[in-house]
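Some notes on the structure that comes next.
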Amino acid sequence: MSTTPRPDAGRGAGPPSGSSGRPGKGVLARLTDRIPVRIRRVSLPYLLIIPAILLELLIHLVPMVIGIGMSFLKLTQFFLRNWSAAPSAGLSNYQVAVDFDSAVGSSLLHSFLITIVFTVLTVALSWFLGTMGAVLMQGAFRGRGLLRALFLVPYALPVYAGVITWSFMLQRDSGLVNHILVQLHLADDSDRPFWLIGDNSFISLIVVCVWRTWPFAFLVLMAGLQNISGDLYEASAIDGAGWWRQLRSITLPLLRPVNQVVVLVLFLWTFNDFNTPYVLFGKSAPEQADLISIHIYQSSFVTWNFGSGSAMSVLLLLFLLVVTTVYLVATSRRRSDA
Amino acid sequence: MREPRWLPWARWIGLGFLGLFTLTPIYVMVTSAIKPLSDVQGDFHWIPTTISLRPFVDIWQTIPLARYFGNSLIVASIASVASVTVAIFAAYAISRFRFPGRRIFSITVLSTQMFPGILFLLPLFMIFVNLSNVIGIDLYGSLTGLIITYLTFSLPFSIWMLVGYFDSIPVALDEAAQVDGSGPIGALIRVVIPAAMPGIVAVTVYAFMTAWGEVLFASVMTDDSTRTLAVGLQGYATQNDVYWNQVMAASLVVSVPVVAGFLLLQRFLVQGLTAGAVK
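Note that the protein sequences, when read in sequence, are chains A and B. Using the working numbering, the letters of the first sequence correspond one by one to residues 1 to 338. Using the working numbering, the letters of the second sequence correspond one by one to residues 1001 to 1279.
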């Protein structure tokens, strides 16, 4: 990216500017052409990004600053409409959140640990299925294009449509999952398992999430595979390498940079996922599947404690920043070693 | 690649498993949408015994689905077009100019993508609720408010993906346009945008899809008149019953436009999504 030369680099005078009357020129182009070349050259990129900067300020930076501010207030429902009247909480929102002996802190820790285990399992499974799909799709065979398009459908479906179908399939009495289990005699018809409450809800959540995310891994890994030169496979075949050997010595190592990105993106998406558990379980998830984003939502909008919710959000943000930085530093170091 | 003899078998077993896993819910959605209510309430059947198209009629009456559909359409269209328009200029600046602050801007945009939505939800909710007290603008519960919150995710990835598309257009093309007398803006409008049009359309569709499927902001920032599909579909569940056949029919109806758009544009979408990862 950084090697792209500027279009006007190396040209002394820049593009001619006295041509504002030419037909077919956009209004914008005509306007900017009036500005003297030298000023335009320096200021143009800034003019171009100003709308984006203003919007970024409005939607990201200001809310973030306010969010951090909120985390130091006792912001309960009484102060929702007039938050300047909310008493300061000092660090107490944070202290409660990280005090694992308190009810708030222990349930936050519980939810955090569940989210970690959930994320690791979901990312690992999605990555595995994505790699398997991409490797098996290598080579030309009949129906390849159709299959590829079909695999992408869960990724394209609106979350609530896909996940609500799963919630129907996981219904105790009328769902497909228990129907299959009963028919295979893996479950007793009179004692069908529950999938959306209790311990099983954690498994359900992972399965549904993997269903939604593996196509993304598949998509990116397939693109990565196409970038590996066929010569390598031919050369290694001449040297007598078999399919497994090629997979282990060519495909997987050369996919590593792609994998690093895929894993990071999947991690962030899965860790931050709110939509899947919310559609699957509703406003309050079962304790066994109480992901962190649902947990914060719950403590903010159901128990109306915004100060505490903000403090949890800030802690979550810090955690994500640390993990991402460590991951990026570790993988880029490995990449420069190679 | 030299293929061992078992590979075709492994391929069909592996891909068959993935196909079953991926498509079973789609099959359930489609077949349950054409079952009468009594059939979806009882034990599951793979093949519908009675086919009924009533769910497709009833879905519009059980809940104000048309209104939710309209709200989703307005919010997703405006949010995606607005973010892509702003992103085109920003992405052009990042792709074609080296200027102080470029890296900081790119990193800021990229990093906001990794933040959870809940992080912005609480403060935006507070801002919206309080704005009406302070200056009388009622953003909370309005479609405008929802559109603004949707920019939190559509703007960063629009910028990110468009930089990728613009980078793939040879700089020589804009230079040629500039030699012919266009300024940089002329080059953007007459060369870069037309050349990147498939990508721009794909990014817009992707932004639309994401907004169409968004649940978190929609569940907090809307009221009865501005509900979007994401929240509205919950209305098929009453206290006593869930109209599963109608839920499935409505899911099908709201999915068809976006899935069709995605499949039509998947080549360009995949190119944009993977550009950053593969490079």
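All C-beta atoms, glycine included, are put in the ideal place defined by N, C-alpha and C.
The Cβ-Cβ distance between residue 1215 of chain B and residue 278 of chain A falls below 8 Å. Residue contact with chain B for residue 274 of chain A: present (Cβ-Cβ distance below 8 Å to some residue of chain B). By the neighbour-count criterion, in which a residue is buried when 16 or more other Cβ atoms sit within 10 angstroms of its Cβ, residue 1133 of chain B is exposed. In this structure, residue 274 of chain A and residue 293 of chain A form a Cβ contact; the two beta carbons are roughly 4 Å apart against a cut-off of 8 Å. Cβ contact annotation for residue 1048 of chain B (same chain, cutoff 7 Å, sequence separation greater than five): 1031, 1034, 1035, 1039, in chain order. Annotated three-state conformation of residue 76 of chain A is strand, per DSSP.
Boundaries of the alpha helix (DSSP H) harbouring residue 1029 of chain B: 1007 to 1032, taken from the DSSP string. According to the DSSP assignment, residue 1243 of chain B belongs to no alpha helix (DSSP H), since it is labelled neither H nor E. 129, 132, 133, 136, 137, 138, 139, 141, 147: these are the residues of the stretch 122 to 147 of chain A whose beta carbon lies less than 8 Å from some beta carbon of chain B, given in chain order.
Against chain B, the beta carbon of residue 301 of chain A has neighbours under 7 Å at 1220, listed in chain order. Under the DSSP assignment, residue 246 of chain A falls in the alpha helix (DSSP H) whose first and last residues are 243 to 246. For the C-beta of residue 1116 of chain B, the chain A residues within less than 7 Å are, from N- to C-terminus, 272, 293, 316.
Taking 8 Å as the upper bound on Cβ-Cβ separation, chain A lies near residues 1209, 1212, 1213, 1214, 1215, 1216, 1219, 1220, 1229, 1230 of the stretch 1200 to 1231 of chain B. Taking 8 Å as the CB threshold, residue 72 of chain A stays off the interface with chain B. For residue 1071 of chain B, DSSP assigns no beta-bridge partner whatsoever. Flagged as an interface residue toward chain A: residue 1120 of chain B, by a C-beta distance shorter than 8 Å. In terms of CA proximity to residue 1196 of chain B, B:1092 leads the group B:1092, B:1056, B:1060. Within the stretch 180 to 202 of chain A, no residue has a Cβ lying closer than 7 Å to any Cβ of chain B. Flagged as an interface residue toward chain B: residue 175 of chain A, by a C-beta distance shorter than 8 Å. Look at the stretch 145 to 164 of chain A: the residues with a C-beta under 7 Å from a C-beta of chain B are 147, 149, 150, 151, 152, 153, 154, 156, 157, 158, 159, 160, 161, 162, 164. Under the 8 Å criterion on CB atoms, residue 104 of chain A is classed as non-interfacial with respect to chain B. Cβ-Cβ separation between residue 307 of chain A and residue 75 of chain A: approximately 4 Å, consistent with a contact (criterion under 8 Å). Apart from sequence neighbours up to five positions away, the residues of its chain that approach residue 1150 of chain B with a beta-carbon distance below 6 Å are 1079, 1211, ordered along the chain.
Between residue 1177 of chain B and residue 1187 of chain B, the gap from beta carbon to beta carbon is short of 8 Å.
At a cut-off of 4 residues, the continuous stretches assigned as alpha helix (DSSP H) that sit fully inside the stretch 152 to 185 of chain A are 153 to 156, 159 to 169, 176 to 183.
Taking 7 Å as the Cβ-Cβ cut-off, the stretch 1144 to 1173 of chain B approaches chain A at 1148, 1151, 1152, 1155, 1159, 1167, 1171, given in chain order. The DSSP-derived three-state label of residue 69 of chain A is helix. If you draw a straight line from the Cα of residue 236 of chain A to the Cα of residue 290 of chain A, it is about 49 Å long. Around the beta carbon of residue 296 of chain A, 16 or more other beta carbons sit within 10 angstroms, so the residue counts as buried. Put simply, the CB of residue 327 of chain A is far from chain B, with every gap to its CB atoms at 8 Å or more. Interface annotation, residue 1041 of chain B: in contact with chain A, CB-CB separation under 8 Å. Linking residue 1128 of chain B to residue 1071 of chain B through their CA atoms gives a straight-line distance of about 19 Å.
The beta carbon of residue 1109 of chain B sits closer than 6 Å to the beta carbons of 1156, 1159 from its chain, once the five residues preceding and following it are set aside; these are given in chain order.
The CB of residue 82 of chain A comes closer than 7 Å to the CB of 1133 in chain B, given here in chain order. Per DSSP, the unbroken alpha helix (DSSP H) holding residue 1061 of chain B starts and ends at 1054 to 1062. Residue pairing of residue 282 of chain A in beta bridges, as defined by DSSP: absent, with no partner found.
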